[in-house]
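First to last, the sequence lines map onto chains G and Z. Those letters in the first sequence? Residues 4 to 518, per our numbering, in order. Those letters in the second sequence? Residues 190 to 278, per our numbering, in order. The beta carbon of each residue, even a glycine, is placed where N, CA and C say it ideally should be. What you are looking at is a predicted structure, and each value in this text was computed from that prediction instead of being measured. Structure first, then comments.
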Amino acid sequence: MDMKVAKKLGLKERYNLMTRDLDWEPSYQAKEAIYPFLEYEGIKIHDWSKFEDPFRLTMDAYWKYQAEKERKLYAILDAFNQSNGHLGVTDARYINNLKLFLTGVTPLEYMAHRGFAHVGRQLAGAGPRVACLMQSLDEIRHAQTQIHSMSNYNKYYNGFQNWRHQHDRVWYLSVPKSFFDDAVTSGPFEFMVAIGFAFEYVLTNLLFVPFISGAAYNGDMGAMAFGFSAQSDESRHMTLGLEMIKFLLEQDPANVPIVQRWLDKWFWRGYRVLTLVAMMQDYMLPKRVMSWKEAWEIYAEQNGGALFADLARYGIKPPAGWVQACKDKDHLSHQAWAVFYNYGAAAPFHTWTPSAEEMDWLSSKYPDTFDKYYRPRYEHWAEQAKEGNRFYNGTLPMLCTTCQIPMFFTEPDDPTKICYRESDYKGDKYHFCSDGCKDIFDHEPEKYIQSWLPVHQIYQGNCFGPDADPTSPDFNPLMEVLKWYKLEFGQDNLDYEGSPDKKNFEAWRAQATKN
Amino acid sequence: MSNVFIAFQKNEETRSIIEAILADNPNATVDDQPGMVRIDAPNTMTIKRETVEEVMGRRFNLQELHINLITLTGHIDETDDEFTLSWKH
Chain G
4 MDMKVAKKLG
14 LKERYNLMTR
24 DLDWEPSYQA
34 KEAIYPFLEY
44 EGIKIHDWSK
54 FEDPFRLTMD
64 AYWKYQAEKE
74 RKLYAILDAF
84 NQSNGHLGVT
94 DARYINNLKL
104 FLTGVTPLEY
114 MAHRGFAHVG
124 RQLAGAGPRV
134 ACLMQSLDEI
144 RHAQTQIHSM
154 SNYNKYYNGF
164 QNWRHQHDRV
174 WYLSVPKSFF
184 DDAVTSGPFE
194 FMVAIGFAFE
204 YVLTNLLFVP
214 FISGAAYNGD
224 MGAMAFGFSA
234 QSDESRHMTL
244 GLEMIKFLLE
254 QDPANVPIVQ
264 RWLDKWFWRG
274 YRVLTLVAMM
284 QDYMLPKRVM
294 SWKEAWEIYA
304 EQNGGALFAD
314 LARYGIKPPA
324 GWVQACKDKD
334 HLSHQAWAVF
344 YNYGAAAPFH
354 TWTPSAEEMD
364 WLSSKYPDTF
374 DKYYRPRYEH
384 WAEQAKEGNR
394 FYNGTLPMLC
404 TTCQIPMFFT
414 EPDDPTKICY
424 RESDYKGDKY
434 HFCSDGCKDI
444 FDHEPEKYIQ
454 SWLPVHQIYQ
464 GNCFGPDADP
474 TSPDFNPLME
484 VLKWYKLEFG
494 QDNLDYEGSP
504 DKKNFEAWRA
514 QATKN
Chain Z
190 MSNVFIAFQK
200 NEETRSIIEA
210 ILADNPNATV
220 DDQPGMVRID
230 APNTMTIKRE
240 TVEEVMGRRF
250 NLQELHINLI
260 TLTGHIDETD
270 DEFTLSWKH
């Protein structure tokens, strides 16, 4: 009997048949009516079929491999939880990273899911639409796996319980929140550049690679599993984002200056959010794989440098803030942790001064700056705390209108001088932490004058519960704000030393190691 | 000339993949880190299905790379037989 066996299709043919070939030309509606957001940003697209996903991933393969990733991830989580893996982390200071992660990053994953669902609907090419659909599904997976993984810590440790409530309210959480709100309120092409480039390429390579490797080093299999599993999707997302950038640059020369401005803006926005990651890496990991500075050199300077060397052929220059960001690598984490140490009463995680041994590590990693500018401060604070004078700052800091970070960054060439910039707009004065943030505001002032700045909101009386009475003689505004944050004073905040987390972890670990 | 790189979760499957990469890309260097392995190569790096299959001792679909992939950089060119990262055009 003759059997005719059809040859299996190649990857390129399968991709064509199962993405572009599923598209159709509309017959009874105008294209502009179906895709109404494609023109107002000034971007010109002549041929959507020129966009191709370099991975050539089709939906059937997507489901298959994502299912495999999920099975692996949940098997690890189950094993980790079943064996009380949380007691195997270096020490419970480590767990404060997860509190910052859950309150600051996980809600962004959910917003990314919404953003890509929206943009996937709006782009007129079948290739990017399918890639956006996959990314939208990836992002909700990331939100869910992070919540699942960290819910186990919530059973034992403080500061996790009101993560979603706090994301919309707490002063430093407005930094990542406003970053994403800025992106999802942009047009579809700006969103693709913002998230594909700044969030995926710049930010996740630093958060999900060296930091998650650090989580593994500190014994957290849960974070290792969700972090690396998420980053396997991010590889696809970065590729999509960069492919979109190249596609825009190749479609029309008029797109080049628009894309350059977005790269300038979103590099700086992403870099400012990374301030939190810098201090996690240098100060919050009890055991450290590499310093923030080393991670920056590998993933930003080398990796980003290679990207911009490649984009130069389109006339694209490295982002405007690039040089300053590279200078700041010697200072960023130290300045950030100092501020959190100051405001340790107003954050739902614990702070501490680095131990003598940790300070020596910091000196060795930052030979030009740590001993000169930062060690004396930390030693002074540790000394004060030892004498019973632990200082908690009770006044509110001035915030940068663009990135919403307290104004603590120093001048690019003078680490002893705080950097202040300002702009006047319609009779009001606005303040910025840097040239980068001022530039972003000056280009789109109507957007940023609407910023929900936590400190302004507190002073305007918008951050108290309904039962607060500002006229009462014993009214304590800070305590009322913390109540509104749903932060349990003395339990979720203040120093790690003396915290219920420390006490419990030590007692449970003692039980785990002897009868 | 810039480097391309790829990083994988450290496990039994990627041990074979990494071995195959090193066999096919003599200029590649390995950086072993907690939980992960990173491989750098100047300008270009190719992962060949055939070599991976030989080392692994079973059939391998290059799209399985997604399962253990952490991050990468460079332009991607993927077919059923080869997965190439490069800065070439």
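Handout entry: Contacting positions in the region 218-250 of chain Z - beta carbon closer than 8 Å to chain G
Key = Gln222, Pro223, Gly224 and Met225
Problem - beta strand (DSSP E) segments (min. 3 residues) lying fully within the region 213-256 of chain Z - result: 218-222, 225-231 and 233-237
Practice task
Check the Cβ-Cβ distances between Ala312 (chain G) and every residue of chain Z, and say whether any is below 7 Å.
Solution key: yes
Exercise for the section: Tell me whether the beta-carbon of Gly45 (chain G) lies closer than 7 Å to the beta-carbon of Ile198 (chain G). Expected result: no
Exercise for the section: Would you kindly check if the distance between the Cβ of Gly347 (chain G) and the Cβ of Leu251 (chain G) is under 7 Å? Expected result: no
Practice task
With 8 Å as the limit, tell me which residues of the region 53-77 of chain G have their beta carbon closer than that to any beta carbon of chain Z; keep them in chain order.
Solution key: Pro57, Phe58, Arg59, Leu60, Ala64, Tyr68, Glu71, Lys72 and Lys75
Practice task
Using beta-carbon positions only, say whether Gly2 (chain G) and Phe194 (chain G) come within less than 7 Å of one another.
Solution key: Residue 2 (chain G) is absent from the structure shown; chain G starts at 4 and stops at 518.
Exercise for the section: Tell me where the alpha helix (DSSP H) around Leu258 (chain Z) begins and ends. Expected result: Not the alpha helix (DSSP H): Leu258 (chain Z) falls in the beta strand (DSSP E), residues Leu258 to Thr262.
Exercise for the section: Compare the C-alpha of Cys523 (chain G) against each of G:Asp236, G:Arg74 and G:Pro448 and name the closest. Expected result: Shown here, chain G extends from 4 to 518; a query on residue 523 (chain G) therefore has no answer.
Exercise for the section: Flag this pair as touching only if the region 142-158 of chain G and the region 6-17 of chain G have three or more C-beta atom pairs under 8 Å; answer yes or no. Expected result: no
Practice task
Tell me whether Phe197 (chain Z) sits in a helix, a strand or coil according to DSSP, three-state version.
Solution key: strand
Practice task
List the whole-angstrom C-beta distance separating Lys330 (chain G) from Trp299 (chain G), where the pair is believed to meet the contact cut-off of C-beta under 8 Å.
Solution key: With 8 Å as the limit, Lys330 (chain G) and Trp299 (chain G) do not qualify as a contact, their Cβ atoms being about 11 Å apart.
Handout entry: Residue burial classification, Asp526 (chain G) (beta-carbon count within 10 angstroms, cutoff 16)
Key = What the structure shows of chain G is the stretch from 4 to 518, and residue 526 (chain G) is not part of that stretch, so it cannot be assessed.
Practice task
Could you tell me which residues DSSP puts in a beta bridge with Phe272 (chain Z)?
Solution key: Z:Ile236 and Z:Glu267
Problem - Sub-7 Å separation of Met190 (chain Z) and Asn216 (chain Z) beta-carbons - result: no
Problem - Helix, strand or coil at Thr413 (chain G) [DSSP, three-state] - result: strand
Exercise for the section: For chain G, find out if any of its Cβ atoms is closer than 7 Å to the Cβ of Glu201 (chain Z); answer yes or no. Expected result: no
Practice task
Pull up the CB-CB distance for Pro457 (chain G) and Ser177 (chain G), whole angstroms please, since I reckon it's below 8 Å.
Solution key: 5 Å
Handout entry: Span of the alpha helix (DSSP H) around Glu386 (chain G)
Key = Arg378 to Lys389
Practice task
Buried or exposed for Ile331 (chain Z), please, with buried defined as at least 16 other CB atoms from any protein chain shown within 10 angstroms of its CB.
Solution key: The structure shown has nothing for residue 331 (chain Z), since chain Z only spans 190 to 278.
Handout entry: Three or more C-beta pairs below 8 Å linking the region 199-213 of chain G and the region 262-279 of chain G
Key = yes
Practice task
Assign Leu254 (chain Z) to buried or exposed, taking buried as 16 or more other Cβ atoms, counted over all protein chains shown, within 10 Å of its Cβ.
Solution key: buried
Problem - Residue range of the unbroken alpha helix (DSSP H) whose run includes His49 (chain G) - result: That residue, His49 (chain G), is in no alpha helix (DSSP H); it is neither H nor E in DSSP.
Exercise for the section: Inspect the CB distances between the region 307-317 of chain G and the region 223-241 of chain G and report whether three or more fall short of 8 Å. Expected result: no
Practice task
On a CA-only basis, which of G:Gly222, G:Tyr381 and G:Phe183 is nearest Phe83 (chain G)? Give me that one, please.
Solution key: G:Gly222
Exercise for the section: Starting from Asn192 (chain Z), find everything on chain G with Cβ-Cβ shorter than 8 Å and list it in chain order. Expected result: Gln305 and Ala309
Practice task
Go to Asp431 (chain G), then tell me how far its beta strand (DSSP E) extends in each direction, as first and last residue.
Solution key: Asp431 to Phe435
Problem - Rounded Cβ spacing between Cys466 (chain G) and Arg172 (chain G) (contact assumed at less than 8 Å) - result: 7 Å
Practice task
Give the C-beta separation of Val219 (chain Z) and Ala196 (chain Z) to the nearest angstrom, bearing in mind that I take them to be a contact with Cβ-Cβ under 8 Å.
Solution key: About 11 Å separates the two Cβ atoms, so there is no contact after all.
Problem - CB contact check: Ile259 (chain Z) to chain G, cutoff 7 Å - result: yes
Practice task
Starting from the beta carbon of Glu271 (chain Z), find every residue of chain G whose beta carbon is closer than 8 Å, and list them in chain order.
Solution key: Within chain G, no residue comes near Glu271 (chain Z); the closest Cβ sits about 10 Å away, beyond 8 Å.
Practice task
Report yes or no: is there a C-beta of chain G within less than 7 Å of the C-beta of Glu267 (chain Z)?
Solution key: yes
Practice task
Note down the Cα distance separating Glu382 (chain G) from Ile319 (chain G), rounded to an integer number of angstroms.
Solution key: 45 Å
Exercise for the section: Could you work out which residue in Z:Thr240, Z:Gly263 and Z:Asp269 is closest to Asn250 (chain Z) when comparing CA atoms only? Expected result: Z:Asp269
Practice task
Could you check what DSSP says for Leu14 (chain G) in three-state terms: helix, strand or coil?
Solution key: helix
Problem - Paired residues, beta bridge with Ser426 (chain G) - DSSP - result: G:Tyr433
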